[in-house]
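Here is the structure:
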């Protein structure tokens, strides 16, 4: 192919990448271009160069997820919590929901590298996890007789958890719909946003809404947030035990973990877990 044809193919691939709900399995041309990237180093270089022109980075070229793009600080394509949560008062809860979704979906580090792993989360269990973490931070602060129950380098984090506790989890309107300010409603909006952008799939209505993860979401969490997120959770005493996230003081002796708050993830046999 000549240079013009190559450039056209690269821009076509970028166009596919801008459609997060599309995967190579659903489009033969997309699959062909993804395959070419994986066998033609020069074509891959052209893709990276074209992405830089949009102030984007190529996170992955994956036969399952397709082209996964990341934003730089300069790009006009970047999104944040403010883009899908309009009210500033709701954004702290949304940010915690994002973190909790990733944590529950990939609560074992090896899950991030296991292509066969499909995470499953529900609105109710996301809320349960954050609530249990908040209760543990409250207990830790009370035991220490101090207003600061988190590491010194995160002095405001405990206030964020307490802010979460002050919000009603499931307040309803007169027609039994979740109140827009309730925790469940905000978590639902976050999950729906991720579903609309190819990160989650809607899997049912159990437990206020059930979702499964996609390959695109796995790659995003692994490449952009995984290690940093796990490190921050470890600082808060949120660790993996018997394949489930649990909460304990990071400074407590190992024997004390038996008395820690119960694991936040749902039992494996529970529907929608």
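Residue numbers (this note's numbering): 1 to 273. Here a beta-carbon is modelled for each residue, glycine too, at the ideal position from N, C-alpha and C.
Is it buried or exposed, residue i, if we count other Cβ atoms within 10 angstroms and call 16 or more buried?
i           : result
residue 38  : exposed
residue 188 : buried
residue 218 : buried
residue 111 : buried
residue 24  : buried
residue 136 : buried
residue 182 : buried
residue 210 : buried
residue 45  : exposed
residue 166 : exposed
residue 195 : buried
residue 86  : exposed
Using three-state DSSP, classify residue i as helix, strand or coil.
i           : result
residue 61  : strand
residue 164 : helix
residue 144 : coil
residue 202 : strand
residue 53  : helix
residue 26  : helix
residue 108 : coil
residue 72  : coil
residue 213 : strand
residue 266 : In this predicted model, residue 266 has a pLDDT of only 33, less than 50, meaning its place in the structure is not dependable; the value taken from the coordinates is given anyway. Of the three classes helix, strand and coil, the one that applies to residue 266 here is coil, per DSSP.
residue 221 : helix
residue 10  : helix
residue 118 : coil
residue 35  : helix
residue 66  : strand
residue 170 : coil
residue 127 : helix
residue 197 : coil
Between the beta-carbon of residue i and the beta-carbon of residue j, is there less than 8 Å?
i           : j           : result
residue 98  : residue 190 : yes
residue 160 : residue 92  : yes
residue 288 : residue 71  : Since the displayed the chain opens at 1 and closes at 273, residue 288 lies outside it and no answer follows.
residue 21  : residue 67  : no
residue 58  : residue 69  : yes
residue 65  : residue 124 : no
residue 164 : residue 203 : no
Within a Cβ cutoff of 6 Å, which residues of the same chain sit near residue i, ignoring the five residues on either side of it in sequence?
i           : result
residue 193 : 84
residue 5   : none
residue 89  : none
residue 186 : 90, 93, 94
Near residue i, which residues of its chain fall below 7 Å by C-beta distance, leaving aside the five closest residues on each side in sequence?
i           : result
residue 95  : 81
residue 105 : 119, 121, 213
residue 100 : 126, 129, 130
residue 198 : 20, 21, 214, 216
Ordered along the chain, which non-local residues of its own chain (more than five positions away) have a Cβ less than 8 Å from that of residue i?
i           : result
residue 9   : 1, 33, 36, 43
residue 169 : 127, 131, 182, 183, 184
residue 27  : 16
residue 113 : 222
Mind checking whether the beta-carbon of residue i lies closer than 7 Å to any heavy atom of the ligand HEM?
i           : result
residue 125 : In terms of ligand content, the structure shown is empty, and the ligand HEM therefore cannot be addressed.
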